[in-house]
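Enquirer: For the sequence shown, my numbering assigns the number 33 to the initial residue and increments by one for each residue that follows.
Even glycine gets a Cβ: it sits at the ideal position worked out from N, Cα and C.
Because the structure is a prediction, the values reported are computed rather than measured.
Quick one: structure below, then a few questions.
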Amino acid sequence: MRFATINGRAALVTDDGYVDLHDASGGDLPSDALAALDRWEDVRTFASSAPPATGAFETSQLGAPVPNPRQVFALAANYRDHAAEAGIDLPEQPYVFTKFPSCIAGPHDDVLLGGHRVDWEVELVVVIGRRCKDVPLDQAWDVVAGLTVGQDISDRKVQFRKPFPHLAVSKSFPTYGPTGPWITTADELPDPAALPLRCSINDELMQDSTTEQLYFDVPALVASISSMVELLPGDLIFTGTPAGVGSTRDPRLYLKPGDVITSEIPGIGIMRNLCVEKG
Ligand code: ZN
33 MRFATINGRA ALVTDDGYVD LHDASGGDLP SDALAALDRW EDVRTFASSA
83 PPATGAFETS QLGAPVPNPR QVFALAANYR DHAAEAGIDL PEQPYVFTKF
133 PSCIAGPHDD VLLGGHRVDW EVELVVVIGR RCKDVPLDQA WDVVAGLTVG
183 QDISDRKVQF RKPFPHLAVS KSFPTYGPTG PWITTADELP DPAALPLRCS
233 INDELMQDST TEQLYFDVPA LVASISSMVE LLPGDLIFTG TPAGVGSTRD
283 PRLYLKPGDV ITSEIPGIGI MRNLCVEKG
C-alpha cells in the first residue's frame, strides 16, 4: 500500500491514480493524514478492499505524507560509509537528535536556503503506525506504518558552532525536512532491509549507497528509541545519511539557488526539490 497526501488530503496511491480516503470510504476515514495514521489498521483494511481510483494526480499535488508529525527523530553517524568519510567513530548507542516538525516539507516543495553552507543528506525515513513503548527488537516492524524518502537538509555553519554540535536547530530551518513522495508499506518492498538510496544535485550523482550500510538498522532504532520515548502514530525517524554529503566532498558544492535535489529510494519513490533563496 502507498499512502500519500494529495491536495492536502489523505489518499491511497494506486497504479492508475489515487483514492481519496475520506470520500471513497463514505466519510468513515479521515481526510487528515495524521488522523488517518491514528487509524492505520482501518486504513490498511480499507486499502485491501481495492477501492476504485478517484482520479489521476500530478506530482505537484503531493504534500508531505505526514505534514504535521508530533515527533521527528533523526540519527547522526548511522552509516558505516558516512562515518568513514567523515572520520568519526560509530557510536555505541544510536545517536538520536530531533528535527522540529515545523521543518517538514513536501516531495516537490522548494527548499528555502537560509545560509551559504547548506548541505544535502538523503535518508530512509521510518513512519510509525502505532502508539508504542519498549518495543522488542523482533516486533519492531509491527509498529512501522511504512517507509518514505527524506532529506535531512543541514546548515553546516550552525551545526558546527562551538562548543557543542547544534544538530536540532541546524537541521530544522523551515523546509529543511522534505519527505515523500508517499509512505510505502514494507510488504511492497522485496527486501526492506536492503534498499538502495541515491541523491543527485542537478545531474551529478552525490550519494549512492544502500541501507545495508546502516549501523543501527530499522528494528534496532525502533527498539532503542522506544525504550526511552513513547512513539506515536505518524512519528518520523530519519535514519541517517550515507556517504557523499557536501561537507566531506567540497564546500564549493554546498547548495545554491537554482540547484535541484533529486532523492530516490527505488521501490519507494523520488523527490525533486528546487533550492531557492529565502525571501
Ligand atoms: Zn541526517
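Any heavy atom of ligand 1 closer than 7 Å to the beta-carbon of F270?
Expert: Indeed, a heavy atom of ligand 1 lies less than 7 Å from the Cβ.
Enquirer: Using 7 Å as the cut-off, classify the Cβ of D184 as near or not near the heavy atoms of ligand 1, replying yes or no.
Expert: Yes, since a heavy atom of ligand 1 falls inside the 7 Å radius drawn around the Cβ of D184.
Enquirer: Looking at ligand 1, does it come within less than 7 Å of A96, judged from the CB to the closest heavy atom?
Expert: No, Cβ of A96 sits at least 7 Å from all heavy atoms of ligand 1.
Enquirer: Between the Cα of Y286 and the Cα atoms of T243, E236, G266, which residue gives the shortest distance?
Expert: Of T243, E236, G266, the residue nearest in Cα terms is E236.
Enquirer: In angstroms with no decimal places, state the Cα-to-Cα distance between A109 and T37.
Expert: Straight-line Cα distance between these residues: approximately 30 Å.
Enquirer: Do the stretch 196-204 and the stretch 248-266 meet, that is, are 3 or more Cβ pairs less than 8 Å apart?
Expert: With the cut-off at 8 Å, the stretch 196-204 and the stretch 248-266 do not touch.
Enquirer: If contacts are defined as beta-carbon pairs under 8 Å, then G301 and L227 qualify, I think. What distance do you get, rounded to the angstrom?
Expert: In fact, because the Cβ distance is near 12 Å, the residues do not count as touching under 8 Å.
Enquirer: So, P97 versus I215, is the Cβ gap smaller than 8 Å?
Expert: Going by C-beta atoms, P97 is nearer than 8 Å to I215.
Enquirer: Taking the alpha-carbon of A106 as reference, which of A88, Q245, V154 has the nearest alpha-carbon?
Expert: With distances taken between Cα atoms, A106 lies closest to V154.
Enquirer: Confirm the yes/no value for this check: CB of A79, any heavy atom of ligand 1, distance under 7 Å.
Expert: For ligand 1, not one heavy atom lies less than 7 Å from the Cβ of A79.
Enquirer: Answer with buried or exposed for K203, where buried requires no fewer than 16 other C-beta atoms within 10 angstroms of its C-beta.
Expert: So K203 counts as buried.
Enquirer: Which whole-angstrom value is the C-beta distance of P274 and D113, which I expect to be below 8 Å?
Expert: Confirmed, about 5 Å.
Enquirer: Within its chain, find whatever has a CB closer than 6 Å to the CB of L169; leave out the 5 residues flanking it on each side and keep chain order.
Expert: So the qualifying residues of the chain are P251, A255.
Enquirer: Is it a yes or a no for the stretch 45-53 touching the stretch 141-149, going by three-plus beta-carbon pairs under 8 Å?
Expert: Touching, no, given that fewer than three Cβ pairs across the two stretches are closer than 8 Å.
Enquirer: State whether the stretch 171-182 contacts the stretch 206-220, with contact taken as three or more CB pairs (one from each stretch) at a distance under 8 Å.
Expert: In short, these stretches touch, since the Cβ pair count reaches three.
Enquirer: Let me check you understand the geometry: is the CB of C273 closer than 7 Å to at least one non-hydrogen atom of ligand 1?
Expert: The amino acid at residue 273 is misidentified as Cys; the sequence shows Thr. T273: yes, Cβ under 7 Å from ligand 1.
Enquirer: Please say whether W72 and P206 have beta carbons closer to each other than 8 Å?
Expert: No, the pair does not count as a contact, with Cβ atoms beyond the cut-off.
Enquirer: Given a cut-off of 8 Å, decide if W152 and V277 are closer than it, judged by their beta-carbon atoms.
Expert: Yes, Cβ-Cβ distance for V277 and W152 is below 8 Å.
Enquirer: Can you look up W72 in the DSSP assignment and give me helix, strand or coil?
Expert: DSSP places W72 in helix when its eight states are reduced to three.
Enquirer: Span of the alpha helix (DSSP H) holding Q191?
Expert: Run containing Q191: 188-191, per the alpha helix (DSSP H) assignment.
Enquirer: Please confirm whether N100 and L66 have their CB atoms less than 8 Å apart.
Expert: It is a contact, given that the beta carbons lie within the stated cut-off.
Enquirer: Cβ of E117 versus every heavy atom of ligand 1: is any distance shorter than 7 Å?
Expert: No; taking the cut-off as 7 Å, the Cβ of E117 has no heavy atom of ligand 1 nearer than that.
Enquirer: Identify whether G178 lies in helix, strand or coil by the three-state DSSP scheme.
Expert: Reduced to three states, the DSSP call for G178 is strand.
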